[in-house]
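Counted the way UniProt numbering counts, the sequence shown spans residues 1 to 128.
The beta carbon of each residue, even a glycine, is placed where N, CA and C say it ideally should be.
Step one of this worksheet: look at the structure below.
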Amino acid sequence: MKDIDKSIEFYEALANLFYAVSMSDGQITREEKLKIIEFVKKYWTVTIDNENSQEFIYQTLKELIKNKSKPESAFLVFKDFYLNNKKGFHQDLLTRILIASNAIASSFGKKNKSELIVLNNLMLLFKS
């Protein structure tokens, strides 16, 4: 089985999750964008089919922002991908996703109610 975090689809789903976390309150701040960049560089920079994984994430985020996608819909994209590929999500990967999502939510002051709801839904998803 190919590592889940070596697939283009994973990076697109991850971008949807980060969008859902950062846009849950209706706006994406500069601090949230910088935090996304920080964690993408830290955890998810690989080459896939001669392309950089960062570009898949950033391009997906740009499209979500341009299309003014609903954060709930973006979360469902990640959720569907996770449920369809659950076996490929090892504990270390789940931990990195939770750490990054938490950091994004905390990057602009304290976490607000909408961000806490998304984070709670993510934790419940990973426990299912």
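Cβ-based neighbour list, residue i, same chain, cut-off 6 Å, excluding 5 preceding and 5 following
i: Ser114; result: Ser24, Asp25
i: Thr60; result: Glu12, Ala15
DSSP three-state assignment for residue i, whether helix, strand or coil
i: Asn52; result: strand
i: Glu115; result: helix
i: Val46; result: coil
i: Lys33; result: helix
Straight-line Cα distance separating residue j from residue i
i: Pro71; j: Asn16; result: 8 Å
i: Lys41; j: Gln54; result: 7 Å
i: Leu94; j: Thr29; result: 25 Å
i: Leu119; j: Asn102; result: 7 Å
i: Tyr11; j: Lys127; result: 21 Å
i: Ser7; j: Thr45; result: 12 Å
i: Glu31; j: Leu98; result: 18 Å
i: Lys86; j: Lys33; result: 27 Å
i: Met1; j: Lys68; result: Caution applies to Met1, whose pLDDT of 40 falls short of 50 and renders its modelled position unreliable; the value that the coordinates give is listed next. C-alpha separation (whole angstroms): 35 Å.
i: Phe81; j: Ser22; result: 19 Å
i: Ser73; j: Glu63; result: 13 Å
For residue j and residue i, believed in contact at Cβ under 8 Å, the rounded distance
i: residue 135; j: Lys35; result: Only positions 1 to 128 of the chain appear in the structure, and residue 135 is not among them; the question remains open.
i: Phe75; j: Asn121; result: 7 Å
Close Cβ partners of residue i (< 8 Å) along its chain, the five nearest in sequence each way excluded
i: Phe56; result: Ile8, Tyr11, Glu12, Ala15, Ile48
Close-in-space but distant-in-sequence residues of the same chain around residue i (CB under 7 Å, 5 per side omitted)
i: Ile37; result: none
i: Leu125; result: Lys79, Tyr82
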